[in-house]
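Residue 146 in numbering that gives the first Met the number 0 sits at position 147 of the sequence shown, and the numbers go up by one each step. Here the structure comes first, spelled out in structure tokens, and everything after it is commentary.
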Amino acid sequence: MKNTEAIEQTEIKVSSPPTGFQVIAREFMKDKLAMFSLISLIIVIGGIYYWASQIDQTQLMRISLRDKLAEPGEKFWLGADKGGRDILGQLIVGARNSLTIAILVTLITGFVGVVIGLICGYFGGLIDNIFMRIIDFFITIPSLMIIIVFVTIIPKYSIVEFILIMSLFLWVGTARLIRSKALSESRRDYISASKTLGTRNIVIIFKEMMPNLSSILIVDMTLNFAGNVGLETGLSFLGFGLPPSTPSLGTLVSYATDPFIMENAWWNWLPAAILILLLMLAINYVGQAIRRSADARQRLG
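Spelled out as structure tokens, the structure:
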């Protein structure tokens, strides 16, 4: 009798579908490039934050004309810029600033988009119509140009204000995605059963519905993170990002707009360009692996 029960329990364990994290881990184990990218991202981002915490930004940005455009060597591993400031230090602090902005913008827009998307998809009707008209309005306006206008209007802005300006226009994509998934999820039997049992709507939305959308949400936030890094560096490159006194990857790349520096001082802009390229590739490889995991999870039910 005990052997029969043990066999039945074993069969149940074998037949039970794998969890979302098990599917993701399995996909990363199969894709060595994605696994290498994930490990590299963790090491590089952790190293950047630790190294940046050891740098005095005030001292770093102090001008020293004696070291103007100093070539890479013992004093400056990656050379110096037109103001005699260490490029390596600016690269580390700039990468920290760009990553921090991208992470916070991704979290803020993800939170707002998920909440609005779940509410619209669950309740539908008038609430859905109101929010969808707002979302349609935000989609029709050119977000990049509006962000530039807001940055131009505000005379002196900090990193916090810059993050809020970006977040104001970047939540709509997540909201539309989550809303479309929540609409189909709200018609499933377990949602109807919870409503019949008298479960509160907020519990159904955030404790029952949202976990079933976690795979899609992780994929969306991973890809948004890469996009936000690119957007921040692009705005800083154009001169509408962080203030000039605050290092950024986009600010370093913008040195290439000077023909003299482009030809004769490659160390001013090339390291930042390479770092941006490697970060984008690594994040996208990780995002593709997570997307395949989400598709596999949906097929397994």
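The C-beta atom is built at its ideal place from N, Cα and C for all residues, glycine as well. Predicted model, so just to flag it, every value in this text is computed and none were measured.
Beta carbon of residue i nearer than 7 Å to that of residue j
| i | j | result |
| --- | --- | --- |
| residue 116 | residue 203 | no |
| residue 68 | residue 264 | yes |
| residue 248 | residue 271 | yes |
| residue 30 | residue 288 | yes |
| residue 86 | residue 78 | yes |
| residue 173 | residue 245 | no |
| residue 251 | residue 45 | no |
| residue 171 | residue 129 | no |
| residue 212 | residue 180 | yes |
| residue 295 | residue 22 | yes |
| residue 147 | residue 236 | no |
| residue 220 | residue 105 | yes |
Strand pairing of residue i, partner residues [DSSP]
| i | result |
| --- | --- |
| residue 85 | 79 |
Residue i burial status per 10 Å Cβ neighbour count (16 or more: buried)
| i | result |
| --- | --- |
| residue 134 | buried |
| residue 53 | exposed |
| residue 165 | buried |
| residue 82 | exposed |
| residue 186 | exposed |
| residue 151 | exposed |
| residue 27 | buried |
| residue 206 | exposed |
| residue 118 | buried |
| residue 195 | exposed |
| residue 293 | buried |
| residue 259 | exposed |
| residue 225 | buried |
| residue 157 | exposed |
| residue 80 | buried |
| residue 241 | buried |
| residue 88 | buried |
| residue 284 | buried |
| residue 274 | buried |
| residue 218 | buried |
| residue 96 | buried |
| residue 47 | buried |
| residue 254 | buried |
| residue 190 | buried |
| residue 51 | buried |
| residue 33 | buried |
When the options are compared against residue i, the one with the closest alpha-carbon
| i | options | result |
| --- | --- | --- |
| residue 215 | 190, 253 and 286 | 286 |
| residue 277 | 43, 25 and 24 | 43 |
| residue 99 | 189, 181, 161 and 213 | 161 |
| residue 101 | 269, 231, 266 and 239 | 231 |
| residue 64 | 71, 209, 113 and 84 | 84 |
| residue 183 | 121, 33, 56 and 274 | 121 |
| residue 168 | 208, 219, 181 and 227 | 227 |
| residue 76 | 279, 284 and 267 | 267 |
| residue 143 | 234, 37, 105 and 290 | 234 |
| residue 175 | 112, 40 and 39 | 112 |
| residue 154 | 243, 71 and 229 | 243 |
| residue 40 | 256, 279 and 192 | 279 |
| residue 71 | 37, 193 and 269 | 269 |
Worksheet item: Which parts of the segment 183 to 261 are runs of the alpha helix (DSSP H), unbroken and 4 residues or longer, counting only runs that do not cross its ends?
Response: Residue ranges of uninterrupted alpha helix (DSSP H) with 4 or more members, entirely inside the segment 183 to 261 and ordered along the chain, are 188 to 195, 213 to 237 and 248 to 252.
Discussion item. What ranges does the alpha helix (DSSP H) occupy inside the segment 24 to 107, keeping only unbroken runs of at least 4 residues that lie completely in it?
Written reply: If one requires a minimum length of 4 residues, the alpha helix (DSSP H) runs lying completely within the segment 24 to 107 are 31 to 52 and 56 to 59, in chain order.
Item to complete: Write down every uninterrupted run of the beta strand (DSSP E) in the segment 102 to 149 whose length is 3 residues or greater and which is fully enclosed by it, in chain order.
Response: Uninterrupted beta strand (DSSP E) stretches at least 3 residues long and entirely within the segment 102 to 149 do not occur.
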